[in-house]
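Chain order of the listed sequences is A and B. First residue of the first sequence: 1, per this note's numbering; consecutive thereafter. First residue of the second sequence: 1001, per this note's numbering; consecutive thereafter. By construction, the Cβ of each residue, glycine as well, lies at the ideal position given by its N, Cα and C atoms.
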Amino acid sequence: SQQGEEDPQALSIQEGENATMNCSYKTSINNLQWYRQNSGRGLVHLILIRSNEREKHSGRLRVTLDTSKKSSSLLITASRAADTASYFCATDRTTGNQFYFGTGTSLTVIP
Amino acid sequence: DGGITQSPKYLFRKEGQNVTLSCEQNLNHDAMYWYRQDPGQGLRLIYYSQIVNDFQKGDIAEGYSVSREKKESFPLTVTSAQKNPTAFYLCASSISGGPSTEAFFGQGTRLTVV
């Protein structure tokens, strides 16, 4: 069974606005990652946050992690049309060596 | 260029036939993974390998087989036992067997059963 669930399933915003997507997971984790997938392509790693971190930034990306709520959020600021893609969270478990991916959020940024 | 390469990009298979999807990496990564992606769903793990000559079943291994004879290569065979093989298949690799580092993905193979 999948570990992560993203919310919302789909999001449509105007260029320049911020986009926020959330990920909830079920079991304890060591770290959580966010990936991006353009249509019909492979996934590209965006950012990794460890279980002892609460917030991390990378360029226009801001990721938060709340282990007490078993949730994470990805914020993309000042969105661009090129940000249009699907975004997935991926978690591990404190036992095992696998990545578990959620169902993804499909983001559309309208120029 | 370093990276992970999947081939072919598109593959058509007749019902009842086995087909092998190729995945090659030159990143010197120990761990490799195969995922299946269906529309509206996330990635589901088929098989993974943490070291040469060793691999483990994922959540949906039935109807699939793999081998890991070389560090660089992790081919996936979709057998005739797989009831619904039409899907987008993604191969990935990471430095070590633990997911504490990022995974690098290939561009995927879209398999269609005709």
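Span of the beta strand (DSSP E), counted from its first residue to its last, around residue i
| i | result |
| --- | --- |
| THR64 (chain A) | 61 to 66 |
| GLU1015 (chain B) | GLU1015 (chain B) -> no beta strand (DSSP E), and no H or E assigned at all. |
| HIS45 (chain A) | 43 to 50 |
| VAL1114 (chain B) | Note, VAL1114 (chain B): premise wrong, no beta strand (DSSP E); not H, not E. |
| ASN38 (chain A) | That residue, ASN38 (chain A), is in no beta strand (DSSP E); it is neither H nor E in DSSP. |
| GLU1069 (chain B) | From DSSP, GLU1069 (chain B) is part of no beta strand (DSSP E); its letter is neither H nor E. |
| THR105 (chain A) | 105 to 110 |
| SER1007 (chain B) | 1004 to 1007 |
| SER1073 (chain B) | Where SER1073 (chain B) is concerned, there is no enclosing beta strand (DSSP E), given that its DSSP letter is neither H nor E. |
| LYS69 (chain A) | Neither: LYS69 (chain A) is in no beta strand (DSSP E) and is coded neither H nor E. |
Proximity to residue i [Cα-Cα], best of the options
| i | options | result |
| --- | --- | --- |
| ARG1044 (chain B) | A:SER106, A:PHE88, A:ILE110 | A:PHE88 |
| THR1109 (chain B) | A:GLU6, A:THR84, A:LEU43 | A:LEU43 |
| TYR1010 (chain B) | B:GLY1016, B:SER1022, B:ILE1004 | B:SER1022 |
| LYS1014 (chain B) | B:VAL1078, B:SER1094, B:SER1096 | B:VAL1078 |
| LYS1083 (chain B) | B:THR1020, B:GLY1063, B:TYR1047, B:GLN1041 | B:GLY1063 |
| SER1093 (chain B) | B:GLY1016, B:ASP1030, B:PRO1075 | B:ASP1030 |
| GLN98 (chain A) | B:GLN1037, B:TYR1089, B:PHE1074, B:GLN1050 | B:GLN1050 |
CB-CB length for residue i against residue j, believed under 8 Å
| i | j | result |
| --- | --- | --- |
| ALA1103 (chain B) | HIS45 (chain A) | 7 Å |
| TYR100 (chain A) | THR108 (chain A) | Between THR108 (chain A) and TYR100 (chain A) the Cβ distance is about 26 Å, and since that is not below 8 Å, they are no contact. |
| GLN1107 (chain B) | ARG41 (chain A) | 6 Å |
| THR103 (chain A) | MET21 (chain A) | About 11 Å; that fails the 8 Å criterion. |
| GLU1072 (chain B) | GLN1025 (chain B) | 6 Å |
| SER1080 (chain B) | ASN1018 (chain B) | 6 Å |
| ILE76 (chain A) | ALA19 (chain A) | 4 Å |
Helix, strand or coil at residue i according to DSSP, with G and I counted as helix
| i | result |
| --- | --- |
| ALA19 (chain A) | strand |
| ALA1081 (chain B) | coil |
| ALA81 (chain A) | helix |
| LEU75 (chain A) | strand |
| VAL1119 (chain B) | Given that chain B is displayed from residue 1001 to residue 1114, the structure contains no residue 1119 (chain B) and the question cannot be resolved. |
| SER1 (chain A) | Low local confidence applies: a pLDDT of 48 at SER1 (chain A) is under 50, so the model's placement there is unreliable, and no value is given. |
| GLN1025 (chain B) | strand |
| ALA1031 (chain B) | strand |
| SER28 (chain A) | coil |
| PHE99 (chain A) | coil |
| SER12 (chain A) | strand |
| ARG1036 (chain B) | strand |
| THR1020 (chain B) | strand |
| THR91 (chain A) | strand |
| ILE1000 (chain B) | Because chain B spans 1001 through 1114 in this model, residue 1000 (chain B) falls outside it and cannot be assessed. |
| ASP1059 (chain B) | coil |
| ALA1087 (chain B) | strand |
| SER1065 (chain B) | strand |
| SER58 (chain A) | strand |
| GLU53 (chain A) | coil |
Beta-carbon spacing of residue i, residue j below 9 Å
| i | j | result |
| --- | --- | --- |
| SER51 (chain A) | THR67 (chain A) | yes |
| ARG60 (chain A) | ALA78 (chain A) | yes |
| LEU48 (chain A) | ARG62 (chain A) | no |
| SER72 (chain A) | ARG36 (chain A) | no |
| TRP1034 (chain B) | GLY1058 (chain B) | yes |
| SER24 (chain A) | GLU5 (chain A) | yes |
| PRO1075 (chain B) | VAL1113 (chain B) | no |
| ILE1095 (chain B) | VAL1066 (chain B) | no |
| ASP1038 (chain B) | PHE1105 (chain B) | no |
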